[in-house]
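To start, the structure under review is shown below, and the notes come after it.
Number of protein chains: 2
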Amino acid sequence: MLKKIGSQTVNFEKPPSIISTASIAGRKEGEGPLGDCFDIVLSDDLHGQKSWELAEIKIAEDAMKKAVQKTDLTMEDMDYIICGDLLNQCGSSSFAAHSLKRPFFGIFGACSTFGEALSLGAMLLEGGFGKYILAAAGSHFCAAEKQFRFPLDLGTQRPLSSTWTVTGTGAAVISRCGDGPFIKQVTTGKVVDLGVKDMSNMGAAMAPAAADTLLAHFKDTGKSPEYYDVIATGDLGFVGRELLKELCAKEGILLGANLFDCGIMIFDRKKQDTHSGGSGCACSALTFSGHFYKKLCTDEIKKMLFIPTGALINTTSSGQGMSIPGIAHALCIESR
Amino acid sequence: MLKKIGSQTVNFEKPPSIISTASIAGRKEGEGPLGDCFDIVLSDDLHGQKSWELAEIKIAEDAMKKAVQKTDLTMEDMDYIICGDLLNQCGSSSFAAHSLKRPFFGIFGACSTFGEALSLGAMLLEGGFGKYILAAAGSHFCAAEKQFRFPLDLGTQRPLSSTWTVTGTGAAVISRCGDGPFIKQVTTGKVVDLGVKDMSNMGAAMAPAAADTLLAHFKDTGKSPEYYDVIATGDLGFVGRELLKELCAKEGILLGANLFDCGIMIFDRKKQDTHSGGSGCACSALTFSGHFYKKLCTDEIKKMLFIPTGALINTTSSGQGMSIPGIAHALCIESR
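Taken in order, these protein sequences are the chains called U and V. The first sequence begins at 176 in the working numbering and counts up by one. The second sequence begins at 176 in the working numbering and counts up by one.
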């Protein structure tokens, strides 16, 4: 039977359950407003490794192991690992998956990757292709700055519209059975590009994609924003959030007090000098795994729309003057 | 009902059908042994664009459009696009997906990407999450050399173990209904790494992953190599193929005359100076879309095991002295 409703949304008959999450965060993230909710906060972002890239691999590996350890399962029980990151050729995910020795699907959705991993994972489980899936996404500030922008040592000044790549990995074990929280619907995003070219303003590049997916979700499901206790975008930041509100208002959808953004939540704007907020695959992955998941488990949040957002750039495309395409995937996650 | 058999394989109850494929190949690929089977052979690998990266995007976009045009469907009918490539941050797939305006899952499995796209696509269809999925993978020799190795203008000499990145895109429309060929089983690979560090010998890096997936497939399904008319690996090349045979022989599986390799088939070793063979996401994607698919449609091949192989490297990991992890996904595709 077809489970599609509308043009971009699927409805799960027997919604998969997120049975555990794990979060390993960098030092700066640990000093932020959500610091207390992460499983592990690193004292050193090198995490005992010789390079930032090796640290990113080790963080991903440790977070995925921790998510499994929190269940009564073993890594052997995971039917698939679905994971991605920001490094070229999904470098940290591939190397982390090597040591975990389970069937692996590498994915790339920039900072929306955790949403893509949970979406695909939920679909494979409901499809009957396994009992348990490990979904994860991570990023590392130092590895990302080096790869996408400038050598850290240069101390380049960052514009106020820029965001700070979050260091860490968020991981989740999803199961065919469980007591919730449940992934009830998934609205898969299209690539949207309104022509923003400024690599220091990714919020502006992603906001149109977030609006597109959000509007599709409401259209496909017939819901309105009030249905949800929380609507949490990935990493639009202060700049992108305002644009999202504007774009949705134009279409008659007013986003109000239940609108949150993981990028705004994870850092203290005044004390931590992160300008527009946090970004990177780890931003929504950590905020969900460390913060929102626990509130869903205690029923403090009953209905959440989680919308990780991604800016699909690379240095070559930006160097060649191309604009920055965005994508966003929405997941309706409910406590029961 | 669980559709898993053994540890890594899933069995489709109502196998999805590949209802069309399209192939756009570069000039050199057009001059090779399979030249006549591609839909379009480019006269210029820039494909009317200003850069190799823009050419790669345009080729991907055109091939995906062509795969849909060959059906009686429109792009609007595609429930998802699942696509990946070799450019940093899956650059060509994201930009191509933008102009096609359908829900998009970006994936990365290096040269195994087409196998990953078909695997995930088949699972989503059987799971009821759509009627039609567009799966594709592409690469471009010039963009890949520039990104992974040396500037082309340097004219660097290539070792005999090296392979030649294939220019082009292979795309397929998979459907819940159809007259075949059918994707009957999928064996998803683990990341395998036996410590090969030579970026000019990717066949050696990938052969252990191909062996691992192949052995898992035979173990999970109880089949032997003789079950298949054709067992086609992605891009092991001459060097990797011999290693695969050795690794399988050690485990008591003898691979014989039905073993093919897309990397060996796509170029003429003697006339085209490609050394160990072809590689890149487009290698298996083009060879399947242009060559094998047609033979499956005419029943000339009845049972095929298609095993795209990928070397999960990036220049940073190799620069930091790390070895090259490999992955391979196997698909049992049958004409009826």
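All C-beta atoms, glycine included, are put in the ideal place defined by N, C-alpha and C. As the structure is a computational prediction, the values presented were derived from the model and not from experiment.
Taking ASN263/V as the query, report the chain U residues whose CB atoms sit under 8 Å from its CB, ordered along the chain.
Reading the second sequence from its first residue, position 88 is the one you call residue 263/V. In chain order: ASN263, GLN264, ASN489, THR490, THR491.
Quick check on the DSSP output: the alpha helix (DSSP H) that includes GLN322/U runs from which residue to which?
Residue mapping note: residue 322/U aligns to position 147 of the first sequence, counting from 1. From DSSP, the alpha helix (DSSP H) with GLN322/U extends over 316-323.
Counting only C-beta atoms, is ALA272/V closer than 9 Å to chain U at any point?
Taking the first residue of the second sequence as 1, we reach residue 272/V at position 97. ALA272/V counts as touching chain U.
Quick check: what's the CA-CA separation for TRP339/U versus ILE439/U?
Against the first sequence, residue 339/U aligns to sequence position 164. Against the first sequence, residue 439/U aligns to sequence position 264. Each residue's alpha carbon lies about 11 Å from the other.
Within 10 Å of its beta-carbon, does PRO483/U have 16 or more other beta-carbons around it, so buried, or fewer, so exposed?
By 1-based counting over the first sequence, the position of residue 483/U is 308. Buried, by the Cβ-count rule.
Chain U contact for LYS394/V (CB, 9 Å cutoff)
By one-based count along the second sequence, residue 394/V stands at place 219. Closer than 9 Å: no.
At 7 Å on the CB atoms, spell out the chain U contacts of ILE215/V, in chain order.
Here residue 215/V refers to the residue found at position 40 of the second sequence. Those do not exist, as ILE215/V stays about 24 Å from chain U at its closest Cβ, beyond 7 Å.
Between the C-alpha atoms of LEU261/U and LYS225/V, what's the straight-line distance to the nearest angstrom?
In the first sequence, residue 261/U corresponds to position 86, counting from 1. In the second sequence, residue 225/V corresponds to position 50, counting from 1. LEU261/U and LYS225/V: Cα-Cα distance of roughly 27 Å.
When you check each C-beta in the segment 229-258 of chain U against every C-beta of chain V, which residues fall closer than 8 Å?
LEU229, ASP254, TYR255
Scan the segment 436-499 of chain U and note each continuous beta strand (DSSP E) run of 3 residues or more that stays entirely inside, going in chain order.
478-482, 484-486
Alpha-carbon spacing of GLU204/V relative to ASP214/V, whole angstroms
The count along the second sequence starts at 1 and reaches residue 204/V at position 29. The count along the second sequence starts at 1 and reaches residue 214/V at position 39. The straight-line gap from Cα to Cα measures roughly 12 Å.
Would you list the one or two residues that DSSP bridges to ALA503/V?
Locating residue 503/V in the second sequence gives position 328, where the first residue counts as 1. Note: ALA503/V sits in a beta bridge opposite THR484/V.
Taking only runs of the alpha helix (DSSP H) that begin and end inside the segment 212-239 of chain V, which ones reach a length of at least 4 residues, in chain order?
none
Give me the residue from ARG202/V, SER493/V, LYS478/V with the minimum Cα distance to TYR402/V.
Here residue 402/V corresponds to residue number 227 of the second sequence, with the count starting at 1. That would be LYS478/V, whose Cα lies nearest to the Cα of TYR402/V.
Members of the segment 400-417 of chain V that neighbour chain U once the beta carbon cut-off is set at 8 Å
none
Spatial neighbours of SER375/U within its chain, please: CB distance less than 8 Å, with the 5 preceding and 5 following residues excluded, ordered by chain position.
Position 200 of the first sequence, counted from the start, is the residue given in the question as residue 375/U. Counting only Cβ-Cβ distances below 8 Å, and skipping sequence neighbours, we find ARG333, PRO334, SER336, SER337.
Starting from SER294/U and walking both ways along the alpha helix (DSSP H), at which residues does that stretch end?
The residue given as residue 294/U occupies position 119 in the first sequence. Note, SER294/U: alpha helix (DSSP H), 288-301.
Taking the alpha-carbon positions, what's the ILE488/U to ASN263/U distance?
The residue you call residue 488/U lines up with position 313 of the first sequence. The residue you call residue 263/U lines up with position 88 of the first sequence. About 11 Å.
Counting only beta-carbon atoms, is ARG277/U nearer than 9 Å to chain V?
As a working note, residue 277/U is residue 102 in the first sequence. Yes - at least one Cβ of chain V is within 9 Å of the one on ARG277/U.
Can you tell me whether SER195/V is helix, strand or coil according to DSSP?
Counting from 1 along the second sequence, the entry for residue 195/V is found at position 20. DSSP places SER195/V in strand when its eight states are reduced to three.
Answer yes or no: does any C-beta atom of chain V fall closer than 9 Å to that of GLU291/U?
In the first sequence, counting from the first residue as 1, residue 291/U sits at position 116. Yes, GLU291/U counts as interfacial toward chain V.
Taking any Cβ of chain V, which residues in the segment 177-209 of chain U have a Cβ under 7 Å from it, in chain order?
LEU177, LYS178, LYS179, GLN183, VAL185
According to a CB-to-CB cut-off of less than 9 Å, which residues of the segment 347-372 of chain U neighbour chain V?
ARG351, VAL361, THR362, THR363, GLY364, LYS365, VAL366, VAL367, ASP368
Backbone secondary structure at ALA432/U - three-state DSSP:
The residue given as residue 432/U occupies position 257 in the first sequence. In this structure, ALA432/U counts as coil in the three-state DSSP scheme.
Terminal residues of the beta strand (DSSP E) in which CYS423/V lies:
Here the question's residue 423/V lines up with position 248 in the second sequence. Taken as a continuous stretch (DSSP letters only), CYS423/V belongs to no beta strand (DSSP E), being part of the alpha helix (DSSP H) at 412-425.
Continuous alpha helix (DSSP H) assignments of at least 4 residues falling wholly in the segment 353-401 of chain U:
377-396
Own chain residues within Cβ distance below 7 Å of PHE283/V, not counting five before or after:
As a position in the second sequence, residue 283/V is number 108, starting the count at 1. Around PHE283/V: GLY259, CYS265.
Using the Cβ count rule (16 or more neighbours within 10 Å means buried), how would you classify MET497/U?
Taking the first residue of the first sequence as position 1, residue 497/U is located at position 322. That one is buried.
Listing by chain order, which chain U residues have their CB less than 8 Å from the CB of ILE282/V?
Position 107 of the second sequence, counted from the start, is the residue given in the question as residue 282/V. Within 8 Å Cβ-Cβ: PHE280, GLY281, ILE282, PHE283.
Distance, Cα to Cα, THR396/U vs ILE428/U?
Position 221 of the first sequence, counted from the start, is the residue given in the question as residue 396/U. Position 253 of the first sequence, counted from the start, is the residue given in the question as residue 428/U. One C-alpha to the other measures close to 14 Å.
CB contact below 9 Å: PHE304/V versus chain U
As a first step, residue 304/V must be located in the second sequence, where it is residue number 129. Yes, PHE304/V lies at the interface with chain U (some Cβ there is under 9 Å from its Cβ).
According to DSSP, is ASP252/V helix, strand or coil?
Locating residue 252/V in the second sequence gives position 77, where the first residue counts as 1. Of the three classes helix, strand and coil, the one that applies to ASP252/V here is helix, per DSSP.
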